[in-house]
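Every number in this note's numbering is 644 more than the matching position in the sequence shown, counting from 1.
Using N, Cα and C, we set each Cβ at its ideal position, and we do this for glycine too.
A short write-up of the structure that comes next.
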Amino acid sequence: VQLQASGGGLVQAGGSLRLSCAASGMIFSIHDMGWYRQAPGKQRELVAIISSGGTTNYADSVKGRFTISRDNAKSTVYLQMNSLKPEDTAVYYCNAHFRLAGRDWWGQGTLVTVSS
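This is how it looks when you write it as structure tokens:
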């Protein structure tokens, strides 16, 4: 299984970025997909998750600003991030979770830096 995240970069506060995570080596449609982030000196935290059935959940800190979506035909999950804040600065990781086996896979991370 490979998860290739992309789309990170430097953006000013109030700006937008779209992260993508392309999956390979797995049956994408049966996996729950998520985005997590880890800021310097902090633990990794859940940002957003979309189930295999399309149900979404968000961390309170990003509700109303971030949108997670998936394209099963392209085996890709997206995270649209709007109204970015300096506290959103972190390395963002893509996660694939296969519920029946309780297994997780992680991408390599993409850095998002929001300047004030």
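By the criterion of a C-beta distance shorter than 8 Å, Glu689 is surrounded in its chain by Tyr680, Arg681, Gln682, Ala703, once the five residues flanking it on both sides are discounted.
The beta carbons of Gln656 and Ser759 sit closer together than 8 Å. Boundaries of the beta strand (DSSP E) harbouring Phe710: 710–715, taken from the DSSP string.
In summary, Gly678 is buried, with 16 or more beta-carbon neighbours lying within 10 Å of its beta-carbon over all protein chains present. With contacts defined as CB atoms closer than 8 Å, Gly746 and Tyr737 fail to qualify as a contacting pair. Closest in C-alpha terms to Asn716, from the list Thr700, Ala666, Glu731, comes Ala666. Assigned with DSSP and collapsed to three states, Ile674 falls in helix.
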